[in-house]
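Peer 1:
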Amino acid sequence: MERLEQVFAAAGPIVGKASADGVTVEVGVGGRLRSVQLSPQALRYGAAQLARTVVDTAARATAKANQRAEQLYAQALGKKPVVEGLGLSYDPALAADEDFDRDWTRG
Amino acid sequence: MTQPQRRTTERLLADAEERLAATEGLADRVGEVRGWAYNGDDTVHVTVDVHGALKELKLDERALALGPQALGAQIVDLSHQAQQAALSEGVNILGDALGDAAALDMMRSAGLEMDPEPEVIPYTPGVDPNAGTWNVID
Numbered sequence: 001m002e003r004l005e006q007v008f009a010a011a012g013p014i015v016g017k018a019s020a021d022g023v024t025v026e027v028g029v030g031g032r033l034r035s036v037q038l039s040p041q042a043l044r045y046g047a048a049q050l051a052r053t054v055v056d057t058a059a060r061a062t063a064k065a066n067q068r069a070e071q072l073y074a075q076a077l078g079k080k081p082v083v084e085g086l087g088l089s090y091d092p093a094l095a096a097d098e099d100f101d102r103d104w105t106r107g
Numbered sequence: 108m109t110q111p112q113r114r115t116t117e118r119l120l121a122d123a124e125e126r127l128a129a130t131e132g133l134a135d136r137v138g139e140v141r142g143w144a145y146n147g148d149d150t151v152h153v154t155v156d157v158h159g160a161l162k163e164l165k166l167d168e169r170a171l172a173l174g175p176q177a178l179g180a181q182i183v184d185l186s187h188q189a190q191q192a193a194l195s196e197g198v199n200i201l202g203d204a205l206g207d208a209a210a211l212d213m214m215r216s217a218g219l220e221m222d223p224e225p226e227v228i229p230y231t232p233g234v235d236p237n238a239g240t241w242n243v244i245d
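Keeping their order, the protein sequence lines are chains A and B. For what it's worth, this note's numbering labels the leading residue of the first sequence as 1, then goes sequentially. For what it's worth, this note's numbering labels the leading residue of the second sequence as 108, then goes sequentially.
(1) Alpha carbon to alpha carbon, how far is Arg-106(A) from Glu-117(B)?
(2) Shortest alpha-carbon distance to Pro-40(A) belongs to which of Val-23(A), Leu-88(A), Ala-10(A) and Ala-76(A)?
(3) Residues of the region 169–199 of chain B with a CB closer than 7 Å to any CB of chain A: list them in chain order, please.
(4) If you check the beta carbons only, do Val-7(A) and Leu-88(A) fall under 7 Å apart?
(5) With DSSP as the reference, identify every bridge partner of Gly-142(B), one or two as the case may be.
(6) For the beta strand (DSSP E) holding Arg-52(A), just list the boundary residues, first then last.
(7) For Val-137(B), return the contacting residues in chain A, with the cut-off set at a CB-CB distance below 9 Å.
(8) Just to make sure I have the definition right: I need the residues of chain B whose C-beta is within less than 7 Å of the C-beta of Gly-30(A). Which are they?
(9) For Leu-38(A), I'd like the list of residues in its chain whose CB is within less than 7 Å of its CB, leaving aside the five on either flank, ordered along the chain.
(10) Rounded to whole angstroms, what's the CA-CA distance from Ala-160(B) to Lys-17(A)? Just pull it up for me.
(11) How would you list, in chain order, the residues of chain B whose beta-carbon sits under 9 Å from the beta-carbon of Val-54(A)?
(12) Give the secondary structure of Gly-30(A) by DSSP, where H, G and I count as helix, E and B as strand, and everything else as coil.
(13) Quick check on Pro-40(A) - is its C-beta less than 7 Å from some C-beta in chain B?
(14) Do you know offhand how far Arg-136(B)'s Cα is from Ile-200(B)'s?
(15) For Met-108(B), which of helix, strand or coil comes out of DSSP?
(16) For Glu-163(B), does the three-state DSSP call read helix, strand or coil?
(17) Between which two residues does the alpha helix (DSSP H) holding Ala-20(A) run?
(18) Can you find a C-beta in chain A that's less than 7 Å from the C-beta of Ala-134(B)?
(19) Please tell me whether Val-7(A) has its Cβ less than 7 Å away from any Cβ of chain B.
(20) With a CB to CB cut of under 8 Å and the five nearest residues on each side skipped, what residues in its chain are close to Leu-171(B)?
(21) Taking Ile-14(A) as the reference, give the member of Ala-48(A), Ala-58(A), Leu-43(A) and Lys-64(A) with the closest Cα.
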């Protein structure tokens, strides 16, 4: 398990980030919210639309963070695995990087 | 008969099987747990899972008056409160399956508050907390 700790320590905090329609969401592994940034424009489409965008964007950010965690587990343990057992599975389609935002591992 | 009876092998096996059955689908059941929180004027309503992932967000039109910055911060704050509620519920489910002692350990590591007057007795595998209180009918 020492190797696991080393790999995660070297990687720094895992942050998944996604943006859409003036909404930017950052989450940790599993999807715990770190920040929700809204632009003034994001509020123009009404409350219901904004709520949907925040939930969808958070789901994409979560998929990215969980994907990153899976990569690190695989790197440390030499196999895919654990992540689903921890309830941290993700939809690869959601983790796809549409916004060219490669900055997942920012502290 | 005044001495508490020792549990028979059959009884021990039955207990073990009962506990094993309780762990079936445990991860799924914990995964389905939701916690929710809402703000004072009930214009922002947040639902999350045990990991804190946002599952549902309800915004009243009046919530937009908070402005973009305050609204974003409020969603984050409420999601953290909601996660505490989800974690408490998750620990209850784990406690049913793994025993209350294990659940208490998890609460400590999750930083959850302890109930000072719990209704439960810590479970230690192999020890019957009610030994001596049973009225055994032969």
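Note that beta-carbon positions come from the ideal geometry of N, C-alpha and C, so glycine has one too. Note that this is a predicted model, so its numbers are computed, not measured.
Peer 2: Per the coordinate set shown:
(1) Only weak support exists for where Arg-106(A) lies, its pLDDT of 49 falling under 50; the coordinates are left without a value.
(2) Val-23(A)
(3) Ala-170, Leu-171, Pro-175, Leu-178, Gly-179, Ile-182, Val-183, Ser-186 and Gln-190
(4) no
(5) Val-155(B)
(6) No beta strand (DSSP E) holds Arg-52(A); the alpha helix (DSSP H) holding it covers 47–77.
(7) Gly-87
(8) His-158, Gly-159 and Ala-160
(9) Excluding the 5 residues flanking it on each side, Leu-38(A) has same chain C-beta neighbours closer than 7 Å at Gly-22 and Val-23, in chain order.
(10) Approximately 13 Å between the Cα atoms of the pair.
(11) Leu-161, Leu-164, Leu-166, Gly-179 and Ile-182
(12) Note: Gly-30(A) maps to helix in three-state DSSP.
(13) yes
(14) 8 Å
(15) Any reading at Met-108(B) is ruled out, since the residue's pLDDT is 49, under 50, leaving its predicted position unreliable.
(16) strand
(17) Segment 16–20 is the beta strand (DSSP E) holding Ala-20(A); no alpha helix (DSSP H) there.
(18) yes
(19) Against chain B, the CB of Val-7(A) has no partner CB under 7 Å away; the residue lies outside that interface.
(20) Leu-178
(21) Lys-64(A)
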